[in-house]
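Input: a single structure, listed below in structure tokens.
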Amino acid sequence: MESYNGNAISWSLASGVVELSLHRDPCNEIGSLTLAELERFADALEKSGQQVQALIIHSRLASGFCAGADLRELFRGIQPLEAGERSARVRDFLLRIHRVFNAIDSAPVTTIAAVHGVVFGGGLELALTCDMMVADRTARFCFPELRLGLIPGFGGIPRLKRDIGNGLVRDLLLTGRSINANKAAAAGLISQVVAPGEAFRVARSVALQATKFDRQAAIIAKEFVKPIPYAELQEGIRLFCELMGRPVVEEALRKFVESTDAQPYLP
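Count along the sequence shown from 1, then add 44; that gives the number in my numbering.
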């Protein structure tokens, strides 16, 4: 698996561990550029064979792990289109992002998200594809999509339901509030809370530990404890596209795009 240095993401492989870095300002928003590079990564990971035993996903940016979808690009991309064309454009984007996220979710390697700061919306959905999360104390987790008249579209609801109790799932989804790393750990969402700036270092130690075991046994163990909720993921795409066509969503996206706040996604 060759190293790659892109405009939004980069990766390198050493001693069986591939490190995927997010580094698109201002907070790793996932738009067409990031998606294209993530697709390149998913293809490389699939073809890596026995080279990779563990994967770490982390952010190089001080602002956080990922603020979610690039809503400005989404809004500008659908504005000139008729309703049917808008739905097709959004569905195509979701199908592509789901292919990438499913590839990471089901990869026959141990996957670790090292998170800090903002872990919102699609960023939380990306972290949820990993087998475990290591979070520093600055991390905050949130699904703010209902503020836009939407639901998480990248598969976050089924994956969150897979990992924690429905009470907190409903709380995060229906209130849009954020929770800190300690509360996320108490709920079982993350495996370790560490000091600020230490998540990536600790994730490296976890990945190194994961490479010590028999690969086939690790693959079987992962398949046993981590089923992929494919049917629910497909239903999520349908519901998102259904909601996306409403005027209330267009108006909410417009307000977001026109906001002068540096970080309008913050609660």
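Here a beta-carbon is modelled for each residue, glycine too, at the ideal position from N, C-alpha and C.
When the Cα atoms are used, Ala228 and Thr182 turn out to be separated by approximately 12 Å. Cys110 is bridged by DSSP to Val163. Rounded to whole angstroms, the gap between the alpha carbons of Gly75 and Gly167 is 12 Å. Taking every protein chain shown into account, the CB of Gly209 has fewer than 16 other CB atoms within 10 angstroms, so this residue is exposed. The segment 49-130 is shown to contain whole alpha helix (DSSP H) runs of 4 or more residues at 76-90, 115-122, in chain order. Straight across, the Cα-Cα distance linking Asn224 with Lys266 is about 27 Å.
Shown here for His67: same chain residues with a beta carbon closer than 8 Å to its own, the five before and five after excluded, namely Ala52, Ile53, Ser54, Ser103, Arg104, Leu105 in chain order. Ala127 and Gln260 have their C-alpha atoms some 48 Å from each other. For secondary structure counted as the beta strand (DSSP E) over 3 or more consecutive residues, the segment 187-251 holds these complete runs in sequence order: 222-224, 236-238. Within the same chain, Ser56 come within 6 Å of Ser47 by CB-CB distance, once the 5 residues on both sides are set aside.
Residue pairing by DSSP places Arg184 opposite Val162, Asn224 in a beta bridge.
Annotated three-state conformation of Ala157 is strand, per DSSP. In the displayed model, Ala151 falls within coil according to three-state DSSP, outside both helix and strand. Relative to the Cα of Ala98, the nearest Cα in the group Val144, Met45, Glu83 belongs to Met45. Leu217 and Thr155 have their C-alpha atoms spaced approximately 25 Å apart.
For Arg282, the enclosing alpha helix (DSSP H) begins and ends at 274-288.
Residue environment for Asn49: exposed (fewer than 16 other C-beta atoms within 10 angstroms of its C-beta). Counting every other CB atom within 10 Å of its CB across the protein chains shown gives Arg221 a total below 16, marking it as exposed. For Arg191, same chain residues with a beta-carbon under 6 Å away, outside a window of 5 residues either side, are Gly220 in chain order. Excluding the 5 residues flanking it on each side, Ala254 has same chain C-beta neighbours closer than 6 Å at Ala98, Thr154, in chain order. In this structure the segment 171-178 touches the segment 237-256; the number of beta carbon pairs closer than 8 Å is three or more.
Ranking Arg282, Ala158, Leu252, Ala275 by CA distance to the CA of Ala58 puts Leu252 first.
Closest by C-alpha distance to Ala262, out of Pro202, Leu170, Val96, is Val96.
Residue burial annotation: Phe268 is exposed, with fewer than 16 other C-beta atoms found within 10 angstroms of its C-beta. Of the candidates Gly193, Gly232, Ile272, Ala275, the residue whose Cα lies closest to the Cα of Phe300 is Gly193.
Using a Cβ distance threshold of 8 Å, Val162 and Ala111 count as a contacting pair.
Between the beta-carbon of Ala171 and that of Ala151 there is about 15 Å, and that puts the pair past the 8 Å contact cut.
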